[in-house]
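Report on the following structure.
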Amino acid sequence: RRPPRRPRPAPAKQAKGKRCGLNENYGRELMELHTLGVNGGYTQKDVSEVARVLTGWTLKQPRQGGGFVFEERMHEPGDKRVLGHHIKSGGEREGHEVLHILAHHPSTAKFISTKLATRFVSDNPPPALIDRMAQTFLKKDGDIREVLKTMFHAPEFWAPESYRAKVKTPLEFVVSAVRTSGADVSDALPLARQLQNLGMPLYGMQPPTGYSMKADAWVNSSALLGRMNFALALTAEKLKGVQVDPGQMLGRPLPSDSQGTLIALENSLLAGDASRQTHDTIAAQLNDPKISQRQLDDPVRPPNTSAIAGLLLGSPEFQRR
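My numbering applies: residue 131 is where the sequence shown begins, and numbers increase by one.
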């Protein structure tokens, strides 16, 4: 016989007028990650005030894909003060006013410009370029297209030291390898698995910072070996649902030997921009029977185009944008 169930204790009543603490994460991330930056000039008081401003900002049925909704009953009334600006009590309008202040702040202009220059120019873009981009940001009311024009027309963008200064992320590497090789993709799932193996699963970055755009996050011996293995698997058609035509990479006329194949593929896959070290390293391997495919009784057998192409796609030159 089971013992009788004990009645559950009644939940403790919340003291009248007592409020739950503010969730400051949204306010801090808004300023630190999306507008002003870490050293953007805000204080802990600003974080708290922005959190108060954003009370009531929520989603309607988010699991069903609902959009933004402002819940007046969840909003903390009263005036606030953010970055020296007095915000009068006004419900949802307070949030719009704070967003306007942040969008027009010089720190935001510099922060966004730095991210753009880091994405397109180099991991450590020139400060003078960032300053000019930030000036355009403020002058053109945050028009990103105008900021990009300033960057693309800048001498720093076209400087020799900026040429191929950026290392491809795993996503950029996989996509560029598929495009350059002319692969026919009927099933993209194996490519998505390869991205996960390379450390960049699609939509898998949980923190709001997103994946890093800098080389130090992606360049190490293990990662480079993984890229080489992917390149060789791609060109050897070992990825289900992904087909590569070696003849399409070679063009016409077809070379008759391994050395000619190497030169043709360097032009096709690397735009002829292979370094002497890369060329010599691969050329030294062309006598390997697995690559040359030549045997004593069959000296005119065609070279292994897939293996040569895979080595070039895994080369240092192809890892750069």
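The beta carbon of each residue, even a glycine, is placed where N, CA and C say it ideally should be.
C-alpha distance - residue i paired with residue j, whole-angstrom precision
i, j, result
"T411", "K279", "40 Å"
"A145", "G220", "Bear in mind that the predicted position of A145 carries a pLDDT of just 45, short of 50, making it too unreliable to give a figure here."
"M330", "T299", "8 Å"
"L160", "L441", "44 Å"
"G147", "N350", "Only weak support is given to the placement of G147: the predicted model assigns it a pLDDT of 40, under 50, and the question is left unresolved by the model."
"P257", "G214", "27 Å"
"S386", "H283", "44 Å"
"M281", "P383", "41 Å"
"D271", "K344", "28 Å"
"A313", "A414", "27 Å"
"T126", "V180", "It is not possible to answer for residue 126, since the shown part of the chain is limited to 131 through 451."
"S109", "G334", "Nothing in the structure corresponds to residue 109, since the chain is present only between 131 and 451."
"H216", "N254", "37 Å"
"A346", "H205", "The question names Ala, yet the displayed sequence has Asp at residue 346. Using only the alpha carbons, I get a separation of about 43 Å."
"V308", "G197", "36 Å"
"R451", "G170", "30 Å"
"M263", "S237", "12 Å"
"L268", "R203", "36 Å"
"A394", "I231", "56 Å"
"S388", "A401", "18 Å"
"R193", "T173", "34 Å"
"G195", "Y293", "43 Å"
"S445", "M358", "8 Å"
"Q378", "R223", "59 Å"
"V228", "H235", "11 Å"
"V212", "T408", "56 Å"
"A295", "S306", "16 Å"
"T244", "K175", "26 Å"
"S342", "Q336", "13 Å"
"L443", "R406", "16 Å"
"T248", "F241", "11 Å"
"V315", "G340", "27 Å"
"N397", "L152", "59 Å"
"Q449", "R323", "19 Å"
"W348", "D261", "28 Å"
Cβ pair residue i, residue j closer than 9 Å
i, j, result
"V183", "K210", "yes"
"Q265", "A239", "yes"
"G371", "L328", "no"
"L321", "L362", "no"
"L380", "T435", "yes"
"L189", "P338", "no"
"E367", "A404", "no"
"L332", "L301", "yes"
Residue environment, residue i, which counts as buried when at least 16 other CB atoms sit within 10 Å
i, result
"V199", "exposed"
"I274", "exposed"
"F360", "buried"
"K218", "exposed"
"Q373", "exposed"
"W288", "exposed"
"Q191", "exposed"
"V277", "buried"
"G157", "buried"
"S352", "exposed"
"L416", "buried"
"P207", "exposed"
"A437", "buried"
"E291", "exposed"
Cutoff 9 Å: residue i Cβ touching any chain D Cβ
i, result
"L443", "Going by chain labels, chain D is absent from the structure shown, which holds only one protein chain."
Beta-carbon separation (whole angstroms), residue i vs residue j, contact threshold 8 Å
i, j, result
"T391", "P433", "5 Å"
"V304", "L325", "6 Å"
"L246", "E286", "Their Cβ separation, rounded to whole angstroms, is 13 Å, which puts L246 and E286 out of contact at 8 Å."
"G225", "E201", "The Cβ separation is near 12 Å, so there is no contact."
"E154", "V177", "5 Å"
"A318", "P376", "Between P376 and A318 the Cβ distance is about 21 Å, and since that is not below 8 Å, they are no contact."
heavy atom of the ligand SAM below 8 Å from residue i C-beta
i, result
"A284", "Of ligands this structure carries none, so the ligand SAM is not represented either."
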